[in-house]
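Asker: Residue numbers (the working numbering), protein chains in the order written: chain B, 1 to 378; chain D, 1001 to 1378.
In this text, a Cβ means the ideal position worked out from N, Cα and C, and glycines have one as well.
(1) Provide the residue span of the alpha helix (DSSP H) that contains residue 1017/D, from first to last.
(2) What span of residues does the beta strand (DSSP E) with residue 1235/D cover, start to end?
(3) How would you call residue 1039/D, buried or exposed, if buried means at least 16 neighbouring beta carbons within 10 angstroms?
(4) Under 9 Å between the Cβ atoms of residue 134/B and residue 126/B?
(5) Whose C-beta lies closer than 7 Å to the C-beta of residue 1191/D among residues of the same chain, with five residues either side of it excluded?
(6) Are the Cβ atoms of residue 141/B and residue 235/B separated by less than 9 Å?
(7) Give me whichever residues DSSP pairs with residue 1133/D in a beta bridge.
(8) If we call anything under 9 Å between Cβ atoms a contact, is residue 1149/D one with residue 1119/D?
(9) Counting only runs that start and end within the region 330-371 of chain B, where is the alpha helix (DSSP H) found for 4 or more residues in a row?
(10) Short of 7 Å Cβ to Cβ, which residues in the region 1310-1335 of chain D face chain B?
(11) Going along chain D in order, which residues have a C-beta closer than 9 Å to the C-beta of residue 372/B?
(12) From residue 219/B to residue 205/B, what does the alpha carbon distance come to, in whole angstroms?
(13) Express the C-alpha separation of residue 323/B and residue 370/B in angstroms, rounding to a whole number.
(14) Mind the definition here: the region 258-275 of chain B touches the region 1084-1091 of chain D only if three or more C-beta pairs lie below 8 Å; say whether that holds.
(15) List, in chain order, every chain B residue whose beta-carbon is nearer than 7 Å to that of residue 1215/D.
(16) Within 10 Å of its beta-carbon, does residue 1339/D have 16 or more other beta-carbons around it, so buried, or fewer, so exposed?
(17) Look at the alpha carbon of residue 957/D and the alpha carbon of residue 183/B, and state the distance between them as a whole number of angstroms.
(18) Taking only the alpha-carbon atoms, compute the straight-line gap between residue 70/B and residue 1079/D and give it to the nearest angstrom.
(19) If you compare alpha carbons, which of 337/B, 112/B, 255/B is closest to residue 282/B?
(20) Please report how far the alpha carbon of residue 1105/D lies from the alpha carbon of residue 1121/D, in whole angstroms.
(21) With a cut-off of 8 Å on the beta carbons, I'd call residue 131/B and residue 171/B a contact; round off their distance for me.
(22) Take residue 274/B as the anchor and find which of 317/B, 374/B, 368/B has the nearest alpha-carbon.
(23) So is residue 259/B in contact with chain D if we call contact Cβ pairs under 9 Å?
(24) Just to confirm the assignment, what range does the alpha helix (DSSP H) spanning residue 1264/D have?
(25) Between residue 132/B and chain D, is any beta-carbon pair separated by less than 9 Å?
(26) Count the C-beta pairs between the region 1041-1051 of chain D and the region 1158-1173 of chain D that are closer than 8 Å, then say yes if the count reaches three, no if not.
(27) Going by DSSP in three states, residue 1197/D sits in which element: helix, strand or coil?
(28) In whole angstroms, what separates the C-alpha of residue 1357/D from that of residue 1304/D?
(29) Expressed to the nearest angstrom, what Euclidean distance is found between the alpha-carbon atoms of residue 1277/D and residue 1342/D?
(30) Is DSSP giving residue 212/B helix, strand or coil here?
(31) So which of 1173/D, 1295/D, 1157/D has the shortest CA-CA distance to residue 1082/D?
(32) My understanding is that residue 267/B touches residue 372/B, with C-beta atoms under 8 Å, so please give their C-beta distance in whole angstroms.
(33) Going residue by residue through the region 1068-1129 of chain D, where are the continuous alpha helix (DSSP H) segments of at least 4 residues, counting only ones entirely within it?
(34) What residues of chain B sit near residue 1192/D, judged by a beta carbon separation below 9 Å?
(35) Determine whether the Cβ of residue 302/B lies closer than 9 Å to any Cβ atom of chain D.
(36) Is residue 1057/D buried or exposed, if buried means 16 or more other CB atoms sit within 10 Å of its CB?
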């Protein structure tokens, strides 16, 4: 009977009408009823990706769509560059290495934001034809300036992992000439996990190599989608959910979503600082996806998370790899409002007190509300 | 408001409690609540696969799990054999060719059942170390004798596609020494599409090559599952559904499910024959997964299917490739009972009459009920 609170940056909480849509009776993926939903979701994905290009929809986690880029754009031995500043940057490295690519990693400290000029110079020097990067690395809360990264890498094909950022922060795929964008259903798109997407414009499709993956073969999947078919039986119930979720997102408008995420980030940061905690993620409006916070002296972040979960039913996200035990993260992507942030902060405050940490009490929630109210420039 | 009837061999109808489980609030895939479900579903999968081996669970269509076998068991240039007697046999060929394998296809006419002795001889002659086959090729309704196939191929690694047959017809993975079994959530397992599984015993894991897939890497996925973790954010809502569905299946017992499928197949065949139609799938108890029926003279099967769907809200499956327009298929896997078969037959009878075909009326449904009642040997 205990209530549960999910404040992680993916999977994220899902609106009830999105859950309900996923529980409708199963329809056949080649029938007229499904085709209507499929056409709707594919159209809405283009609107959210801000692209005229095909958005290929896979039944997979986001990592599957990430791999599809390496499998379709590169041949074994190709020199590629990866911009890495967190756990998901290292995922690009792992994927590319498993595909036998010659990886030039442009690494930043976790928590640093990549410098476009440096990246441009490093890419030119490396001779890489394909560059992989994150828009948001959820492991740190850093959001990169992918528009500037594309300008800096010039004609190289830029593949942007926007799994946690699409729908949360601006990403003008066509206007910024981003070659390939990868995303997933379970983050800012407010749907259950199980679907991944990749935008593949015509000029990129021309540059593809023979796919080393059958399931993630862009051409096979595009050919099917062009006929409003799916190459393989898709997760029809999650597609229904995603269609409803994208409808909600687009009805409010993406600009409203972007402004809300900025304000939620402000609220989370203001609350954390008010109780005397130190931020790990940047202390500015770019950090609109997730707020990463250092555990106070004498408290292990994982111990805090276990306490939050076991004692209070509240799930936050841990630090990954070398940040494990040092930081914890509050997600503010998707179906999240300021009362969720207030609850997360209040639960952290209560738990830290219960764990004996010396923190300021009663200040976090009012600070969060105040920061949330400050206006966002259009 | 029109009711819809889904009688396809995948996706199949799903019990309401399975749908409802999928609509529960999203839980984090690394939290305690999910781990409990995950442990349950992984244990139940072993019970349904009748194996002590690890059953790896992927967020993907069945074809993804099929590809995982080629990506993990074979190196480029490896000689492999494919037993093909339908559309999904050709899928094995396509997957293996995309992976640069040297494919020796052992082809049968669509609708024929592979002869184990012939297959054994052909495999030995080919020198293939890995053999891919179907237990059930849903395109034709043929169910192979995979126990005999394994005996015939000896030490070669046998990979069985049981996507549409697992839970419908007996498959004793360990007892029959089947090396690798692939399945999916959306067929006889009575859950929504979106999950695929593959059983990988220790002796097979030892034979793996460096995976050419990151997402479908058996070792990476096994390592995560061993820690009750998932390598990538899984489709948590479908996993909840699958857990409930497997619980229902195992509560009744697999033997009850196998007997029901035999009797449903009898009912479908008896009904089709009673109205004067000719069967395409075998006219015996092996055809327990799907009944394939030839369209009567002068009627295009696809026209019949469109009529069924548009006029009566009834979805059956078409013939694939060269059988398109010639046959139609009634699925009887999963959450199907004899009244579903009766409805499907009655709808076919009505639609054929409306299309001007010369068929016997009023005989199919009683014949189906009678055949369903005939006892099945244990």
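Answerer: Put simply:
(1) For this step, residue 1017/D is matched to residue 17 along the second chain. Unbroken alpha helix (DSSP H) run through residue 1017/D: 1016-1022.
(2) Stepping through the second chain from its first residue, residue 1235/D is reached at position 235. Annotation for residue 1235/D: no beta strand (DSSP E) segment contains it, and DSSP assigns it neither H nor E.
(3) The residue given as residue 1039/D occupies position 39 in the second chain. Taking all protein chains shown into account, residue 1039/D has fewer than 16 neighbouring C-beta atoms within 10 Å of its C-beta and is therefore exposed.
(4) The residue you call residue 134/B lines up with position 134 of the first chain. The residue you call residue 126/B lines up with position 126 of the first chain. Taking 9 Å as the cut-off, the beta carbon of residue 134/B is found no closer than this to the beta carbon of residue 126/B.
(5) Counting from 1 along the second chain, the entry for residue 1191/D is found at position 191. Contacts found: 1014, 1018, 1185, 1238, 1241, 1242, 1245.
(6) Here residue 141/B refers to the residue found at position 141 of the first chain. Here residue 235/B refers to the residue found at position 235 of the first chain. Contact: no.
(7) Residue numbering aside, residue 1133/D sits at position 133 when the second chain is read from its first letter. Paired residue(s): 1160/D.
(8) As a working mapping, residue 1149/D is identified with position 149 in the second chain. As a working mapping, residue 1119/D is identified with position 119 in the second chain. If you check the CB distance, residue 1149/D and residue 1119/D come in under 9 Å.
(9) Listed in chain order, the complete alpha helix (DSSP H) runs (minimum 4 residues) inside the region 330-371 of chain B are 338-354.
(10) The residues in question are 1315.
(11) Walking along the first chain from the start, residue 372/B turns up at place 372. The contacting residues do not exist; residue 372/B stays about 24 Å from chain D at best.
(12) Residue numbering aside, residue 219/B sits at position 219 when the first chain is read from its first letter. Residue numbering aside, residue 205/B sits at position 205 when the first chain is read from its first letter. Answer to the nearest angstrom: the Cα atoms are 8 Å apart.
(13) Indexing the first chain from 1 puts residue 370/B at position 370. Indexing the first chain from 1 puts residue 323/B at position 323. Rounded to the nearest angstrom, the two C-alpha atoms are 30 Å apart.
(14) No, because fewer than three Cβ pairs between the region 258-275 of chain B and the region 1084-1091 of chain D fall closer than 8 Å, the two stretches do not touch.
(15) Taking the first residue of the second chain as position 1, residue 1215/D is located at position 215. By Cβ distance, chain B contributes 60, 63, 64, 67.
(16) Position 339 of the second chain, counted from the first residue, corresponds to residue 1339/D. With fewer than 16 other CB atoms across the displayed protein chains lying within 10 angstroms of its CB, residue 1339/D is exposed.
(17) There is no way to answer for residue 957/D, as the model of chain D reaches only from 1001 to 1378.
(18) On the first chain, residue 70/B is found 70 positions in, with the first residue counted as 1. On the second chain, residue 1079/D is found 79 positions in, with the first residue counted as 1. Using only the alpha carbons, I get a separation of about 26 Å.
(19) Counting from 1 along the first chain, the entry for residue 282/B is found at position 282. Ranking the options by Cα distance to residue 282/B, first place goes to 112/B.
(20) As a working mapping, residue 1105/D is identified with position 105 in the second chain. As a working mapping, residue 1121/D is identified with position 121 in the second chain. Roughly 13 Å separates the two Cα atoms.
(21) Residue 131/B sits at position 131 when you count from the first residue of the first chain. Residue 171/B sits at position 171 when you count from the first residue of the first chain. Rounded, the Cβ-Cβ distance is 16 Å, inconsistent with contact.
(22) The residue you call residue 274/B lines up with position 274 of the first chain. The closest CA to that of residue 274/B, considering only 317/B, 374/B, 368/B, is found on 368/B.
(23) To locate residue 259/B, count along the first chain from 1; it is residue 259. Not closer than 9 Å to any Cβ of chain D, the Cβ of residue 259/B fails to qualify, so no.
(24) Residue numbering aside, residue 1264/D sits at position 264 when the second chain is read from its first letter. From DSSP, the alpha helix (DSSP H) with residue 1264/D extends over 1254-1274.
(25) Counted from its first residue, the first chain places residue 132/B at position 132. With respect to chain D, the C-beta atom of residue 132/B has no partner C-beta closer than 9 Å.
(26) Result yes; three or more Cβ-Cβ pairs closer than 8 Å.
(27) Position 197 of the second chain holds residue 1197/D. Residue state, collapsed to three classes: strand.
(28) As a first step, residue 1357/D is located in the second chain; it is residue number 357 there, counting from the start. As a first step, residue 1304/D is located in the second chain; it is residue number 304 there, counting from the start. Taking the straight line joining both Cα atoms gives about 10 Å.
(29) Working through the second chain from its first residue, we reach residue 1277/D at position 277. Working through the second chain from its first residue, we reach residue 1342/D at position 342. Taking the Cα positions, residue 1277/D is about 15 Å away from residue 1342/D.
(30) Locating residue 212/B in the first chain gives position 212, where the first residue counts as 1. Residue state, collapsed to three classes: coil.
(31) On the second chain, position 82 is the one that residue 1082/D refers to. When only C-alpha atoms are compared, the closest one is 1157/D.
(32) Along the first chain, one-based indexing puts residue 267/B at 267. Along the first chain, one-based indexing puts residue 372/B at 372. About 4 Å separates the two Cβ atoms, so the contact holds.
(33) Look at the region 1068-1129 of chain D and you find these whole runs of alpha helix (DSSP H), each 4 residues long or longer: 1087-1098, 1116-1126.
(34) Residue numbering aside, residue 1192/D sits at position 192 when the second chain is read from its first letter. Chain B residues near residue 1192/D: 22, 26, 235, 236, 237, 238.
(35) Taking the first chain and counting its residues from 1, the one referred to as residue 302/B is at position 302. Interface with chain D (9 Å Cβ-Cβ cutoff): residue 302/B is excluded.
(36) Within the second chain, numbered from 1, the residue matching residue 1057/D stands at position 57. With 16 or more other Cβ atoms within 10 Å, it is buried.
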